[in-house]
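> Okay, handing you the structure first.
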Amino acid sequence: MIDAAVDIQGVTHRYGEHRALRDVTLQVAPGTLYGLLGPNGSGKTTLFRILSTLMPPSEGHAEVFGMDVAQRPDAVRERIGVVFQDEALDEALTVRENLRFQAGLYGLHGAARGERIEALLTRLGVADRADDPVKELSGGLRRRADLARGLLHRPDLLLLDEPTSGLDPAARRTFWTAMERLQEAEGTTLLLATHLMDEAERCDRVGILSDGVLVADGTPTALKDDLGDETLWLDTESPSRLRDRIEAQFGVPTRIVGAVVQVAPSDPPAFLSTLYEAMGSRIRSATIRTPTLEDVFMVHAGVSPEDRRERVLARTEETEGQA
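Pasting the structure below:
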């Protein structure tokens, strides 16, 4: 009996001197939704390329339903579907024509092909636009049509790489409604790469990637619980100085999370009053709240995925401008 849909053990991958992944180990249980949370450049897409058999890891090994992706790529491809950020659709063809072509590549023909295509068109809400050219569809419809392409052969594992990138909120909700129906109907295992917190919150488990390192792994609830219940969050000009003073004077657990200071006293409201009396001039603002998944990311990676994503984009634009 195979215990894991995905089993990754000590995977490292290099592009020349750059290590895109560093000793990553994780498992994904069958029938679950596992989210890889991280900004652009964190290693999510590299890991997906390895799992989809596009390249072997430099070190370590990865298995899909007990099959090594490097040693048995053909067998792995029969069990997986892939939806990357850019749709793999021919814009000049209709949705139905795209699906018929892809189904032929999977060896689906005749009545079985037609039944599978119609079932997916209906389930994903694309049936009324099935005979329209892909180029005439909205971003949300194109994404669902591409999802249908990835599901034609009934994969046991579906890899979703930033699947809602560029979609408006309504289209994103529709996409996730379709994914929930898919899991309920077919029990598909979903491995999601995302930088969006609300998508990560949907997952059964979340792994946080930062610079190619898996820095945290657990359920969203457990990861947030690790930061404590209600705590103080302090905005200050010098987080490290405020942290040191609080620890020295009060001996209360304190840490820097991004640009703010998190303090975990037993009675946050009472402690906040005491803290203002002792060093209120150093505190610009204070809130009492429970930790969020973004707080978890910032604790483990030092900055939010959105901020890191913007920095990566800014560096890319700067480099292109100098070229």
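Each residue of the sequence shown is one higher than the one before, counting from 326 in the numbering used here. All C-beta atoms, glycine included, are put in the ideal place defined by N, C-alpha and C. Values in this document were obtained by computation on a predicted structure and should not be read as measured data.
Residue 334 to residue 408, Cα distance in whole Å?
Along the sequence shown, one-based indexing puts residue 334 at 9. Along the sequence shown, one-based indexing puts residue 408 at 83. In a straight line, the C-alpha of residue 334 is about 24 Å away from that of residue 408.
> Which same chain residues, not among the five before or five after residue 578, have their C-beta less than 7 Å away from its C-beta?
Residue mapping note: residue 578 aligns to position 253 of the sequence shown, counting from 1. The residues are 589.
> Assess contact between the segment 393 to 411 and the segment 341 to 359, defined as three or more Cβ pairs (one per stretch) separated by less than 8 Å. Is contact present?
The segment 393 to 411 is not in contact with the segment 341 to 359.
> Buried or exposed: where does residue 601 fall if 16 or more other Cβ atoms within 10 Å of its Cβ makes it buried?
Reading the sequence shown from its first residue, position 276 is the one you call residue 601. So residue 601 counts as exposed.
> By how many angstroms is the C-alpha of residue 488 removed from the C-alpha of residue 337?
Within the sequence shown, the letter at position 12 stands for residue 337. Within the sequence shown, the letter at position 163 stands for residue 488. In a straight line, the C-alpha of residue 337 is about 25 Å away from that of residue 488.
> DSSP puts residue 340 in a beta bridge; with which residues?
Reading the sequence shown from its first residue, position 15 is the one you call residue 340. 343, per the DSSP bridge assignment.
> Would residue 649 pass as a contact of residue 515 if the rule is Cβ separation under 8 Å?
Since the first and last residues shown for the chain are 326 and 648, residue 649 lies out of range.
> Along the chain, where does the beta strand (DSSP E) containing residue 546 start, and where does it finish?
If you number the sequence shown from 1, residue 546 lands on position 221. From DSSP, residue 546 is part of no beta strand (DSSP E) but of the alpha helix (DSSP H) over 545 to 550.
> Would you mind sorting residue 379 into buried or exposed? The rule is 16 or more other CB atoms within 10 Å of its CB.
By 1-based counting over the sequence shown, the position of residue 379 is 54. Its Cβ having fewer than 16 others within 10 Å, residue 379 is exposed.
> Just list the residues that DSSP pairs residue 386 with in beta bridges.
For the purposes of this step, residue 386 is taken as the residue at position 61 of the sequence shown. Beta-bridge pairing links residue 386 to 334.
> Put residue 431 into one of helix, strand or coil per three-state DSSP.
If you number the sequence shown from 1, residue 431 lands on position 106. Here residue 431 sits in coil by DSSP.
> Between the segment 563 to 578 and the segment 611 to 626, do at least 3 Cβ pairs fall closer than 8 Å?
The segment 563 to 578 vs the segment 611 to 626: no contact.
> Are three or more beta carbon pairs between the segment 412 to 428 and the segment 438 to 445 nearer than 8 Å?
These segments touch.
> Can you tell me the Cα-Cα spacing of residue 329 and residue 389, whole angstroms?
As a working mapping, residue 329 is identified with position 4 in the sequence shown. As a working mapping, residue 389 is identified with position 64 in the sequence shown. Between residue 329 and residue 389, the C-alpha separation is close to 8 Å.
> My assumption, with CB atoms under 8 Å, is that residue 420 sits in contact with residue 387. Please give the rounded CB distance.
Counting from 1 along the sequence shown, the entry for residue 420 is found at position 95. Counting from 1 along the sequence shown, the entry for residue 387 is found at position 62. That pair is no contact at about 33 Å.
> DSSP puts residue 577 in a beta bridge; with which residues?
Residue numbering aside, residue 577 sits at position 252 when the sequence shown is read from its first letter. In the DSSP output, where bridge partners are listed per residue, residue 577 has none listed.
> Among all the DSSP beta bridges, which residues are the ones paired with residue 535?
Counted from its first residue, the sequence shown places residue 535 at position 210. In DSSP, residue 535 forms a bridge with 538.
> Name the residue from 520, 398, 561 and 340 whose alpha carbon lies nearest to the alpha carbon of residue 626.
To locate residue 626, count along the sequence shown from 1; it is residue 301. It is 520.
> Under 8 Å, do residue 537 and residue 347 count as touching if we go by C-beta distance?
By one-based count along the sequence shown, residue 537 stands at place 212. By one-based count along the sequence shown, residue 347 stands at place 22. Contact: yes.
> Report the option in 592, 605 and 609 whose CA atom is closest to the CA atom of residue 560.
Counting from one through the sequence shown, the residue named residue 560 turns up at place 235. Of 592, 605 and 609, the residue nearest in Cα terms is 609.
> Excluding the 5 residues flanking residue 586 on each side, which residues of the same chain have their C-beta closer than 7 Å to its C-beta?
By 1-based counting over the sequence shown, the position of residue 586 is 261. The answer, listed in chain order, is 559, 561, 564, 567, 568 and 579.
> My output table needs one value for residue 645: the three-state DSSP class, helix, strand or coil.
Working through the sequence shown from its first residue, we reach residue 645 at position 320. Any reading at residue 645 needs caution, since the residue's pLDDT is 47, under 50, leaving its predicted position unreliable; the model's value is listed next. The answer is helix: DSSP assigns residue 645 an H, G or I state.
> Verify whether the separation of the beta carbon atoms of residue 525 and residue 494 is less than 8 Å.
Position 200 of the sequence shown, counted from the first residue, corresponds to residue 525. Position 169 of the sequence shown, counted from the first residue, corresponds to residue 494. Against a cut-off of 8 Å, the Cβ pair of residue 494 and residue 525 comes out as no contact.
> According to DSSP, is residue 451 part of a helix, a strand, or is it coil?
Here residue 451 refers to the residue found at position 126 of the sequence shown. Of the three classes helix, strand and coil, the one that applies to residue 451 here is coil, per DSSP.
> Tell me whether residue 530 is buried or exposed, calling it buried when 16 or more other Cβ atoms sit within 10 Å of its Cβ.
Start at 1 with the first residue of the sequence shown, and residue 530 comes out as number 205. Residue 530 comes out buried.
> Of the residues 467, 400, 581 and 557, which one's Cα is nearest the Cα of residue 596?
Within the sequence shown, numbered from 1, the residue matching residue 596 stands at position 271. Minimum Cα distance to residue 596 is reached at 557.
> Note down, in chain order, each residue of its chain lying with its Cβ closer than 7 Å to the Cβ of residue 630, except the 5 sequence neighbours on either side.
For the purposes of this step, residue 630 is identified with residue 305 of the sequence shown, where counting begins at 1. Reliability fails at residue 630, whose pLDDT of 45 lies under 50, so the model's placement of it is uncertain and the value that follows must be treated cautiously. Hits under 7 Å: 362, 363, 364, 520 and 622.
> State the CB to CB distance for the pair residue 470 and residue 451, rounded to an integer number of angstroms; the pair is presumed to be in contact (CB under 8 Å).
As a position in the sequence shown, residue 470 is number 145, starting the count at 1. As a position in the sequence shown, residue 451 is number 126, starting the count at 1. Yes, they are in contact, since the Cβ atoms of residue 470 and residue 451 sit about 5 Å apart, within 8 Å.
> Note down the Cα distance separating residue 453 from residue 541, rounded to an integer number of angstroms.
Working through the sequence shown from its first residue, we reach residue 453 at position 128. Working through the sequence shown from its first residue, we reach residue 541 at position 216. Going from the Cα of residue 453 to the Cα of residue 541 covers about 43 Å.
> In chain order, what residues of the same chain have a beta carbon less than 7 Å from the beta carbon of residue 466, not counting five sequence neighbours either side?
For the purposes of this step, residue 466 is taken as residue 141 along the sequence shown, with counting starting at 1. For residue 466, where only same-chain residues beyond five positions count, the Cβ hits under 7 Å are 451 and 454.
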